[in-house]
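Participant:
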Amino acid sequence: MKNIFDTKIEYLKGVGAMRAELLNKELGVYTFGDLLEQYPFRHEDRTRFYKINEVIDDSAYVQIIGRLTNLQSVGDGRSKRLAGFISDETGELELVWFKGAKWIEKKLKVGAWYVVYGKPQRYGYKLSIAHPEMEEYDPSAPKPKTGGLQPVYHTTDKMKNKGMDSRNLAKITRTLLEKVYHDISETLPNYLIEENQLISKGLAVAWTHFPKDLNTLEQAKKRLKFEELFFLQLKIIASKVGKKTDKFRGQVFGQIPTFNIFYKEHLPFDLTDAQKRVVREIYNDMKSGFQMNRLLQGDVGSGKTIVAFMCMLMALDNDAQSALMAPTEILSQQHYNGLKPFADAMGVTIELLTGSSKTKDRRRIDETLRDGSLKIIVGTHALIEDKVDFYNLGLCVIDEQHRFGVAQRAALWKKKSKAKPHMLVMTATPIPRTLAMTVYGDLEVSIIDQLPAGRKPIITWHKFDKGRLRVFGFIREQVELGRQAYIVYPLIEESETLDYKNLEEGYEAVSRAFPDYKVSIVHGRMKPADKDAEMQRFADNKTQIMVATTVIEVGVNVPNASIMVIENAEKFGLAQLHQLRGRVGRGAEQSYCVLMTKDKLSKDGKVRIQTMVDTTDGFKIADADLKLRGPGDIEGTQQSGVLDLRHADIGHDAALLQYVRGLAEKILDEDPDLTKEEHQIIKHQQSLLVKKSVTNWSRIS
Ligand code: ADP
Ligand code: MG
């Protein structure tokens, strides 16, 4: 069956061979269907005319009717420009041209009336419009019709040079719509359209290009976003459902007596509700018969370790061993120290294995891992070496997920087990829930979004560089109370030498300012062993102030450190600021974070700093980050399909995403293979989407 949307674009009236080639090469538009999907990236509001005295700021495009009262060249050399004034009965406004003056001077007539269209900009206290669109206008004729919302399409320089601009695109798109409007088929079942008060697909496409007003544009966008997110979620959820096959059989951890004893008798505190929920989620996975692949997100200090330990007890109760892998020796040491008391209390064997384990210990560990008497092993990459062999590895816990690749995760899977071990990946870098459930197609997501009771939130201040002396004064107060301080300097790859100079100078300044205290310095150029040793000295309170680069982002836990000063804080991203701040606030004392910046901050810089001052909630920060930067920079987004979204925006459409995900889940629950009559339309659209992504790929390569 030949589909009209597959018709080659050159067959559209007004296109022809030359333009078709431009459309192919510049926009990747080959067919009628492709052109229809070249949506405008914004609309110009031509729905009303402004009086000049109504133009009070530079927030939006405006359309004005007035007389050109003056036109002349001003300035010399580089600042040479053509300037004129447009005036109406309420005032006058400046117009300027920096380019094409000759041509414009010839075309425009002083004294004539024009419809002027453009975006005002503020220069000092004055507003002016640069390079306005000018259309001559006869004041004796009836007022010109307003143009409504005009679509603005993306075009390239090459297209413009050949006379093909946004207006041309609008024109051919209108021609196309008139021709094919009735062929645009619906993609969603009727009941979804009705329940959610959506407009039809055809109307949505038409109105996205040529809305009648802002309201119809809104409705069109809502419909297209809904559809886009719905099919994305459907795909992701279906791929998870598909994993419940023999290939992904997991060990069944059904009986959990030791876990129960620990929970009832040995737990030193009450779990937070969030921890309880997560433990339940994990248990449900581990007894399901299928391999668990779960991401556990929780802010620093939210208590992930104890959750991991309790899951290890579930494994132990079912004749399986557990491994906990951390990215550095010092972190695995810390985990080991943290788990040992719990393990001892339960009479459970636990050992630490790193690159620097002694041969004697190593031999014992290898042996007991193999005969199954060792139940819990904590360590670094050393765990995934080939020679490390297990009796039956049942659960792998990986801390600080972003530092391990997928390949390393896979290496753990291959260890000796009765069935694929369950995987629990822990991270303290929260990403927004909506993004997580979209990005981690292969992982279920659990979130601990609650800190244990009684924690004092860290107090955060923003200070300018000129206030450094007072900040030093504050550090002194804290250190005199017996606390410790971090002072962090940024490290930027391009100017490494310069940054080390900054760090060195900072170190000297701090040493001079605090002659009676000991100051540590730690940075990425140090040998790992020296770095660890210096961190340990700080942890043991042998030094009171730690001057460092971001290498301390993942570091030892020093509960006595209560103040974190971040120099040039404007140079850090939100995620990193949050991570750094998490180094303090681990003890019982009130902790502080001071963000030092230069006086002048960019707009984004201001938002970042203010966000940090306003909240310590990692998820709120992650949301703000997503809104500022978009999803592109967040790990894992590349393969997820999130970046291909054309209508929805994960940062701003989180609520809608969550909602359609629920719908998609419900549909697949009730009708996993989409066999019901009313779901045929979904199935059909899915196959079209698959086909389309295949063509797109073949075009790229
Ligand atoms: P993270 O999530 O950063 O790994 P940890 O697991 O290291 O956090 O926990 C931080 C501290 O909080 C530890 O000392 C831990 O024993 C303690 N902790 C964990 N859960 C609770 C809780 N429910 N109530 C009180 N303290 C808790
Ligand atoms: Mg931790």
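Per the working numbering: the sequence shown = residues 7 to 707.
Beta carbons are placed, not taken as given, at the ideal position from N, Cα and C, and that holds for glycine.
For the alpha helix (DSSP H) holding Arg614, just list the boundary residues, first then last.
Facilitator: Against the sequence shown, residue 614 aligns to sequence position 608. Per DSSP, Arg614 belongs to the alpha helix (DSSP H) from Lys609 to Asp620.
Participant: DSSP beta-bridge partners for Phe104?
Facilitator: To locate residue 104, count along the sequence shown from 1; it is residue 98. Phe104 pairs with nothing; no bridge assigned.
Participant: If you reduce the DSSP assignment to three classes, tell me which class Glu184 lands in.
Facilitator: Locating residue 184 in the sequence shown gives position 178, where the first residue counts as 1. If DSSP states are grouped into helix, strand and coil, Glu184 belongs with the helices.
Participant: Just to check, is the beta-carbon of Thr311 closer than 6 Å to a non-hydrogen atom of the ligand ADP?
Facilitator: Along the sequence shown, one-based indexing puts residue 311 at 305. Yes, since a heavy atom of the ligand ADP falls inside the 6 Å radius drawn around the Cβ of Thr311.
Participant: Identify which residue in Ala244, Val186, Ile356 and Ala425 has its Cα closest to the Cα of Lys689.
Facilitator: Working through the sequence shown from its first residue, we reach residue 689 at position 683. Lys689 has its Cα closest to that of Ala244, out of Ala244, Val186, Ile356 and Ala425.
Participant: For Ile356, which option in Thr365, Ser363, Leu345 and Lys366 has the closest C-alpha, if you only look at C-alpha atoms?
Facilitator: The count along the sequence shown starts at 1 and reaches residue 356 at position 350. Out of Thr365, Ser363, Leu345 and Lys366, Leu345 has the C-alpha closest to the C-alpha of Ile356.
Participant: Any heavy atom of the ligand ADP closer than 6 Å to the Cβ of Phe254?
Facilitator: Numbered from 1 along the sequence shown, position 248 holds the residue referred to as residue 254. It does not: the Cβ of Phe254 is nowhere closer than 6 Å to a heavy atom of the ligand ADP.
Participant: For Asp171, which residues from the same chain have a beta carbon less than 8 Å from its beta carbon, with the 5 sequence-adjacent residues on both sides left out?
Facilitator: Reading the sequence shown from its first residue, position 165 is the one you call residue 171. Once the five neighbours on either side are set aside, the close Cβ partners of Asp171 are Thr161 and Met165.
Participant: If I measure Cβ to Cβ from Val564 and keep anything under 8 Å in the same chain, skipping five residues before and after, which residues do I get?
Facilitator: For this step, residue 564 is matched to residue 558 along the sequence shown. Here the set comprises Gln490, Phe544, Ala545, Arg589 and Arg592.
Participant: Hey, is Ala321's beta-carbon within less than 7 Å of any beta-carbon in chain B?
Facilitator: The displayed structure is made up of one protein chain only, and chain B is not part of it.
Participant: If you check the beta carbons only, do Gly744 and Ser93 fall under 7 Å apart?
Facilitator: Nothing about residue 744 can be reported from this structure: the residues present for the chain run from 7 to 707 only.
Participant: Could you spell out where the alpha helix (DSSP H) holding Val477 opens and where it closes?
Facilitator: Along the sequence shown, one-based indexing puts residue 477 at 471. Arg474 to Glu486 is the extent of the alpha helix (DSSP H) around Val477.
Participant: First and last residue of the alpha helix (DSSP H) that includes Glu671?
Facilitator: Stepping through the sequence shown from its first residue, residue 671 is reached at position 665. Secondary structure note for Glu671: its alpha helix (DSSP H) is the uninterrupted segment Ala660 to Glu676.
Participant: Hey, out of Ile371, Val384, Arg376 and Gln303, whose CA is closest to Leu337's CA?
Facilitator: The residue labelled residue 337 in the question sits at position 331 within the sequence shown. For the residues Ile371, Val384, Arg376 and Gln303, the minimum Cα distance to Leu337 belongs to Val384.
Participant: Scan the segment 224 to 309 and note each continuous alpha helix (DSSP H) run of 4 residues or more that stays entirely inside, going in chain order.
Facilitator: 263 to 267 and 279 to 292
Participant: State the Cα-Cα distance for the pair Ala519 and Pro463, rounded to the nearest angstrom.
Facilitator: Taking the sequence shown and counting its residues from 1, the one referred to as residue 519 is at position 513. Taking the sequence shown and counting its residues from 1, the one referred to as residue 463 is at position 457. For Ala519 and Pro463, the distance between alpha carbons rounds to 29 Å.
Participant: Kindly provide the ranges of any alpha helix (DSSP H) runs that are 4 or more residues long and lie completely inside the segment 88 to 137, ordered along the chain.
Facilitator: 107 to 113
Participant: Measure the C-alpha to C-alpha separation of Leu238 and His387 and round it to an integer number of angstroms.
Facilitator: The count along the sequence shown starts at 1 and reaches residue 238 at position 232. The count along the sequence shown starts at 1 and reaches residue 387 at position 381. Going from the Cα of Leu238 to the Cα of His387 covers about 35 Å.
Participant: Rounding to the nearest angstrom, what Cα-Cα distance links Ala630 and Thr617 in this structure?
Facilitator: In the sequence shown, the residue the question calls residue 630 occupies position 624. In the sequence shown, the residue the question calls residue 617 occupies position 611. Rounded to whole angstroms, Ala630 to Thr617 spans 7 Å at the Cα level.
Participant: Would the beta-carbon of Phe315 be found less than 6 Å away from any heavy atom of the ligand ATP?
Facilitator: For the ligand ATP, the structure offers nothing, since it holds only the ligand ADP and the ligand MG.
Participant: Please find out if some non-hydrogen atom of the ligand ADP comes closer than 6 Å to the beta-carbon of Phe625.
Facilitator: Within the sequence shown, numbered from 1, the residue matching residue 625 stands at position 619. Outside the cutoff, so no.
Participant: Using three-state DSSP, classify Gly593 as helix, strand or coil.
Facilitator: In the sequence shown, the residue the question calls residue 593 occupies position 587. In this structure, Gly593 counts as coil in the three-state DSSP scheme.
Participant: Below 8 Å, can you find three or more Cβ-Cβ pairs linking the segment 113 to 131 to the segment 188 to 199?
Facilitator: No, the segment 113 to 131 does not touch the segment 188 to 199.
Participant: Is the Cβ-Cβ distance between Leu302 and Ser206 less than 7 Å?
Facilitator: Here residue 302 corresponds to residue number 296 of the sequence shown, with the count starting at 1. Here residue 206 corresponds to residue number 200 of the sequence shown, with the count starting at 1. Cβ atoms of Leu302 and Ser206: not closer than 7 Å.
Participant: Compute the distance between the beta-carbons of Asp471 and Lys672, then report whether it is under 7 Å.
Facilitator: What you label residue 471 is simply residue 465 of the sequence shown in a count that begins at 1. What you label residue 672 is simply residue 666 of the sequence shown in a count that begins at 1. Not a contact, by the Cβ cut-off of 7 Å.
Participant: Pull up the distance between the alpha-carbon of Lys537 and that of Asp675, whole angstroms please.
Facilitator: Taking the sequence shown and counting its residues from 1, the one referred to as residue 537 is at position 531. Taking the sequence shown and counting its residues from 1, the one referred to as residue 675 is at position 669. Rounded to whole angstroms, Lys537 to Asp675 spans 52 Å at the Cα level.
Participant: Arg370 to Val394, Cα distance in whole Å?
Facilitator: Along the sequence shown, one-based indexing puts residue 370 at 364. Along the sequence shown, one-based indexing puts residue 394 at 388. So the alpha carbons of these two residues sit roughly 12 Å apart.
Participant: Please report the distance separating the alpha-carbon of Gly83 from that of Phe104.
Facilitator: Sequence index remark: in the sequence shown, residue 83 carries index 77 (1-based). Sequence index remark: in the sequence shown, residue 104 carries index 98 (1-based). Gly83 and Phe104: Cα-Cα distance of roughly 11 Å.
Participant: Could you say if the segment 29 to 43 and the segment 170 to 184 meet the contact criterion of at least three C-beta pairs nearer than 8 Å?
Facilitator: yes
Participant: Using the Cβ count rule (16 or more neighbours within 10 Å means buried), how would you classify Ala23?
Facilitator: Position 17 of the sequence shown holds residue 23. Its Cβ having fewer than 16 others within 10 Å, Ala23 is exposed.
Participant: Any contact of the segment 281 to 300 with the segment 311 to 329, i.e. 3+ C-beta pairs under 8 Å?
Facilitator: yes
Participant: Since Lys231 and Leu662 are thought to touch, with beta carbons under 8 Å apart, how far apart are those beta carbons, to the nearest angstrom?
Facilitator: Along the sequence shown, one-based indexing puts residue 231 at 225. Along the sequence shown, one-based indexing puts residue 662 at 656. Indeed, because the Cβ distance is near 6 Å, the residues count as touching under 8 Å.
Participant: When the Cα of Ile110 is compared with those of Leu88, Thr96 and Tyr120, which residue comes out closest?
Facilitator: As a position in the sequence shown, residue 110 is number 104, starting the count at 1. Distance check between Ile110 and each of Leu88, Thr96 and Tyr120 places Leu88 closest, using alpha-carbon atoms only.
Participant: Would you mind stating whether Ala2 and Asp405 have Cβ atoms separated by less than 7 Å?
Facilitator: Here the chain covers residues 7 to 707 and nothing more, so residue 2 does not appear.
Participant: Using a threshold of 6 Å, is the CB atom of Val431 nearer than that to any non-hydrogen atom of the ligand ADP?
Facilitator: Your numbering for residue 431 matches position 425 in the sequence shown. Flag unset: Cβ of Val431 not near the ligand ADP.
Participant: By alpha-carbon positions, which one of Thr374, Ile199 and Tyr598 ends up nearest to Ile687?
Facilitator: In the sequence shown, counting from the first residue as 1, residue 687 sits at position 681. Answer by Cα proximity: Ile199.
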